[in-house]
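Undergrad: Protein chains in written order, with my numbering: chain A, 122 to 603; chain B, 14 to 54.
(1) If we count Cβ pairs, one from each stretch, closer than 8 Å, do we get three or more for the region 362-373 of chain A versus the region 289-306 of chain A?
(2) Quick one: Cα of residue 333(A) to Cα of residue 369(A), how far?
(3) Taking C-beta to C-beta, are residue 506(A) and residue 466(A) nearer than 9 Å?
(4) Please classify residue 425(A) as buried or exposed, where buried requires at least 16 other C-beta atoms within 10 Å of its C-beta.
(5) For residue 602(A), decide whether its Cβ has a neighbour in chain B, counting only Cβ atoms nearer than 9 Å.
(6) Quick one: grab the DSSP three-state call for residue 292(A).
(7) Find the residues of chain B that neighbour residue 583(A), judging by a C-beta separation of less than 8 Å, and give them in chain order.
(8) Give the DSSP bridge partners of residue 549(A), in chain order.
(9) Would you mind reading off the limits of the alpha helix (DSSP H) that contains residue 496(A)?
(10) Identify every residue that forms a DSSP beta bridge with residue 369(A).
(11) Can you give me the C-alpha to C-alpha distance between residue 571(A) and residue 247(A), rounded to a whole angstrom?
(12) Between residue 345(A) and residue 295(A), what straight-line distance do the alpha-carbon atoms span, to the nearest angstrom?
(13) What is the DSSP secondary structure of residue 435(A), counted as helix, strand or coil?
(14) Name the chain A residues whose beta carbon is nearer than 7 Å to that of residue 28(B)?
(15) For residue 606(A) and chain B, any beta-carbon pair shorter than 9 Å?
(16) Taking residue 586(A) as the reference, give the member of 458(A), 523(A), 434(A) and 309(A) with the closest Cα.
(17) Under DSSP, the alpha helix (DSSP H) around residue 527(A) begins and ends at which residues?
(18) According to DSSP, simplified to helix, strand and coil, what is residue 474(A)?
(19) Consult DSSP for residue 456(A) and reduce its assignment to one of helix, strand or coil.
(20) Skipping 5 residues on each side, what residues in its chain have a beta carbon closer than 6 Å to that of residue 602(A)?
(21) Residue 298(A) bridges to which residues according to DSSP?
(22) Report yes or no: is there a C-beta of chain B within less than 9 Å of the C-beta of residue 312(A)?
(23) Between the C-alpha atoms of residue 286(A) and residue 422(A), what's the straight-line distance to the nearest angstrom?
(24) Counting only the same chain and skipping the five closest in sequence on each side, list residues whose C-beta sits under 8 Å from that of residue 279(A).
(25) Of all the CB atoms in chain A, is at least one closer than 9 Å to the CB of residue 20(B)?
(26) Taking the straight line between their C-alpha atoms, what separation do you get for residue 420(A) and residue 438(A)?
(27) Residue 555(A) by DSSP, collapsed to three states: which one?
(28) When you compare each of 242(A), 133(A), 176(A) and 489(A) to residue 258(A) by their alpha carbons, which one comes out closest?
(29) What does residue 45(B) reach in chain A if we use C-beta pairs closer than 9 Å?
(30) Taking Cβ positions, are residue 316(A) and residue 245(A) nearer each other than 9 Å?
(31) In chain B, which residues lie less than 8 Å from residue 573(A) when you measure between Cβ atoms?
(32) Label residue 26(B) either buried or exposed according to how many other C-beta atoms from any shown protein chain fall within 10 Å of its C-beta, with 16 as the threshold for buried.
(33) How would you list, in chain order, the residues of chain B whose beta-carbon sits under 7 Å from the beta-carbon of residue 459(A)?
(34) Note down the Cα distance separating residue 192(A) from residue 173(A), rounded to an integer number of angstroms.
(35) Tell me which residues share the same chain as residue 164(A) and place their Cβ nearer than 8 Å to its Cβ, disregarding the 5 neighbours each side in the sequence.
Rendered as C-alpha cells:
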C-alpha cells in the first residue's frame, strides 16, 4: 500500500492585539517605558496583512518563485490583487478569530462581551465553512470581564482600543493552566481547527468521519502541572472538526515534528493500520512579536502579527496524488555530527543514495521557510538562504555542480522564505500545498522537505534533530512511452 | 594554535552549531569551557 499526499491547507489569523501577549513582548514591554505604546503604533491593519505578498504565498495565491521576483521590502510593496481566501486557506481577521477561540473553548475560559459575541456569532454564521460552529451563544457583561481582570485572574482580549473579552486562568495555583498557557493552547487548537476545516471542506473534500487518525505537531504542549506536555490536542481538534471516528496523538520534536509526523503517518497508511491520517499544526502565541523591538526600531510594521496553521492529509494511493517515499526517509541519527555538512549528508544525501539519485535530481527543496524580512531586520540571517547555500555547497563538494553555479542552485532548487516565524510551521511544510499542485501540474517531478529541530532548547541534550521526506509524482500518472 | 586558551562556543542551529565549533577548537588545542547552541527563529 503506497501512502500519498492528498492535500495540504494553510491558514493565517491576523491577531495584532495578541502581539503584546507574545513571550517577548510580555517580558520586554514592562521593562521599557513607552515600549507598549510604540508596539501598538507599529501594528498592521488587516488590509495590510492580507496584501502582504508572503501572506498571499502562504495561502496559495502566489507561487514562491513569483515572490522571488517581487520588489522588496515586501511590507512596503503590497500586492494590489490580494484576497482573503486562497486555494489552501484564508487570512482570518482578529474579531472572527476571537469567536473561533470561544468556539474552541470547552471550559468557559474565553469570556467575550455579550454584544461583541453576538455580532461575531452572526459573522461566523455567514462564513462558508463555519456556519455550524457551536458555543457562541450568550456572552458576559463588560463589568464581569473588568472584574475578572481586576482580580488578576485573566488576560485581556482587545480589539484595537476596545476591551471585548478576556481569557481566564483554569486553576488558581497551576501554572500549566494559567491564562497565558490556556490562551496558547486555545490559539493552537482554534487555528489548527480552521486549517483542518479548510483541508477537509475545500482542499480535498473528505467526510471528517472518514479520518481514522490525527497527529498534531503544534509548537506548544498542553497538559497540567503533573504532566506539562500530556496532550492530546490532536483529539481535541478532531472533536471540534467532527472527526468522530478518529483518535490521535501529539508528535513532539521541536521544529522537525512536522516531518516526523509525515513519516509516521505515511508508515501507518502503508502498513494498513489507518486509511486516512490528518496532520495538524496550530499557531504559536508565544512567537507573536518575537522580534518586535527590531521592527519598532527600524520603524517598520511588526510582521510577527499572525498565527499560522497547517493541516495535511495523508492517505491510501488514489492514483493521482504525489507519493511519499517511505523507503527514503532522511534522519539525523544520534551518532551523527552537528556541522551543516554532516546534517545534510545524513538528511539529504543518504536518502537520495537509497533511490539512486543525486542532489540535483530533486526539483525543489523545501527547507526552513522563515520570511527573511522578519529575521534580517533583527540582524539575524536569511535562514532559508543559508540552508540552500549549505546544500548547494554539498552538491559542489560532490562534484554535481561547479562553484560558479552556486547562485543558480539557490534560485533553481530553492525558494524565498514566506512563512511567519511560527516555529514548527515554517519548517518546510508551507510549500506542501504548492508542491502537490506543482507536481500534479507537471511543473516539477519531486520535492524534498527537510526540517530541523532545536532539541537543545529544552536543555535535555545539546543535540539538534533533522528529518526529511521526499514526495514525487504518482507513477500511475506517467504516460507509458512505447 | 589555541593551546592555553579557554573557549566559549556559541553556535546557531542553521549556521554552525555549538558542538561543531567546540570540536574544531578542541582539535586546535583550546580548552572548551562552555558550549551552547541557540535558535534564532
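Beta carbons: idealized from backbone N, C-alpha and C, even for Gly. Predicted model, so just to flag it, every value in this text is computed and none were measured.
TA: Well, looking at it:
(1) no
(2) On the first chain, position 212 is the one that residue 333(A) refers to. On the first chain, position 248 is the one that residue 369(A) refers to. So the two alpha carbons sit approximately 8 Å from each other.
(3) Your numbering for residue 506(A) matches position 385 in the first chain. Your numbering for residue 466(A) matches position 345 in the first chain. Taking 9 Å as the Cβ cut-off, residue 506(A) and residue 466(A) do not qualify as a contacting pair.
(4) Your numbering for residue 425(A) matches position 304 in the first chain. With 16 or more other Cβ atoms within 10 Å, it is buried.
(5) Taking the first residue of the first chain as position 1, residue 602(A) is located at position 481. Reliability fails at residue 602(A), whose pLDDT of 46 lies under 50, so the model's placement of it is uncertain and the value that follows must be treated cautiously. Against chain B, the CB of residue 602(A) has no partner CB under 9 Å away; the residue lies outside that interface.
(6) The residue you call residue 292(A) lines up with position 171 of the first chain. Three-state result, residue 292(A): coil.
(7) For this step, residue 583(A) is matched to residue 462 along the first chain. Within chain B, the residues near residue 583(A) are 31, 32, 48, 49 and 50.
(8) If you number the first chain from 1, residue 549(A) lands on position 428. DSSP lists no partner for residue 549(A).
(9) As a first step, residue 496(A) must be located in the first chain, where it is residue number 375. Looking at the DSSP string, the run of the alpha helix (DSSP H) that includes residue 496(A) is 493-497.
(10) Indexing the first chain from 1 puts residue 369(A) at position 248. In DSSP, residue 369(A) forms a bridge with 335(A).
(11) For the purposes of this step, residue 571(A) is taken as residue 450 along the first chain, with counting starting at 1. For the purposes of this step, residue 247(A) is taken as residue 126 along the first chain, with counting starting at 1. Rounded to whole angstroms, residue 571(A) to residue 247(A) spans 39 Å at the Cα level.
(12) By one-based count along the first chain, residue 345(A) stands at place 224. By one-based count along the first chain, residue 295(A) stands at place 174. Going from the Cα of residue 345(A) to the Cα of residue 295(A) covers about 7 Å.
(13) Within the first chain, the letter at position 314 stands for residue 435(A). It is a strand residue.
(14) Start at 1 with the first residue of the second chain, and residue 28(B) comes out as number 15. Within 7 Å Cβ-Cβ: 502 and 507.
(15) Since the first residue shown for chain A is 122 and the last is 603, residue 606(A) is missing from the structure and cannot be characterised.
(16) As a working mapping, residue 586(A) is identified with position 465 in the first chain. Answer by Cα proximity: 458(A).
(17) The residue labelled residue 527(A) in the question sits at position 406 within the first chain. From DSSP, the alpha helix (DSSP H) with residue 527(A) extends over 527-534.
(18) Within the first chain, the letter at position 353 stands for residue 474(A). Residue state, collapsed to three classes: helix.
(19) For the purposes of this step, residue 456(A) is identified with residue 335 of the first chain, where counting begins at 1. Here residue 456(A) sits in coil by DSSP.
(20) Position 481 of the first chain, counting from 1, holds the residue named residue 602(A). Note on residue 602(A): pLDDT 46, under 50, position unreliable in the model; the coordinate value appears next. Within the same chain, residue 602(A) has no close Cβ partners at all.
(21) The residue you call residue 298(A) lines up with position 177 of the first chain. Residue 298(A) has no beta-bridge partner at all, per DSSP.
(22) As a position in the first chain, residue 312(A) is number 191, starting the count at 1. So, not an interface residue.
(23) Taking the first chain and counting its residues from 1, one reaches residue 286(A) at position 165. Taking the first chain and counting its residues from 1, one reaches residue 422(A) at position 301. Taking the straight line from one Cα to the other gives about 25 Å.
(24) Reading the first chain from its first residue, position 158 is the one you call residue 279(A). Hits under 8 Å: 138 and 285.
(25) One-based indexing of the second chain puts residue 20(B) at position 7. Not closer than 9 Å to any Cβ of chain A, the Cβ of residue 20(B) fails to qualify, so no.
(26) Reading the first chain from its first residue, position 299 is the one you call residue 420(A). Reading the first chain from its first residue, position 317 is the one you call residue 438(A). When rounded, the distance between both Cα atoms is 50 Å.
(27) Residue 555(A) sits at position 434 when you count from the first residue of the first chain. In this structure, residue 555(A) counts as helix in the three-state DSSP scheme.
(28) For the purposes of this step, residue 258(A) is taken as the residue at position 137 of the first chain. Ranking the options by Cα distance to residue 258(A), first place goes to 242(A).
(29) As a working note, residue 45(B) is residue 32 in the second chain. Per Cβ cutoff of 9 Å: no residues; residue 45(B) is ~12 Å from chain A at best.
(30) Position 195 of the first chain, counted from the start, is the residue given in the question as residue 316(A). Position 124 of the first chain, counted from the start, is the residue given in the question as residue 245(A). No.
(31) On the first chain, position 452 is the one that residue 573(A) refers to. Those within 8 Å of residue 573(A) in chain B are 26 and 27.
(32) Here residue 26(B) is taken as the residue at index 13 of the second chain, counted from 1. By the neighbour-count criterion, in which a residue is buried when 16 or more other Cβ atoms sit within 10 angstroms of its Cβ, residue 26(B) is buried.
(33) Start at 1 with the first residue of the first chain, and residue 459(A) comes out as number 338. Within 7 Å Cβ-Cβ: 30, 32 and 33.
(34) Taking the first residue of the first chain as position 1, residue 192(A) is located at position 71. Taking the first residue of the first chain as position 1, residue 173(A) is located at position 52. Roughly 12 Å separates the two Cα atoms.
(35) Here the question's residue 164(A) lines up with position 43 in the first chain. The answer, listed in chain order, is 137, 138, 140, 422, 423 and 426.
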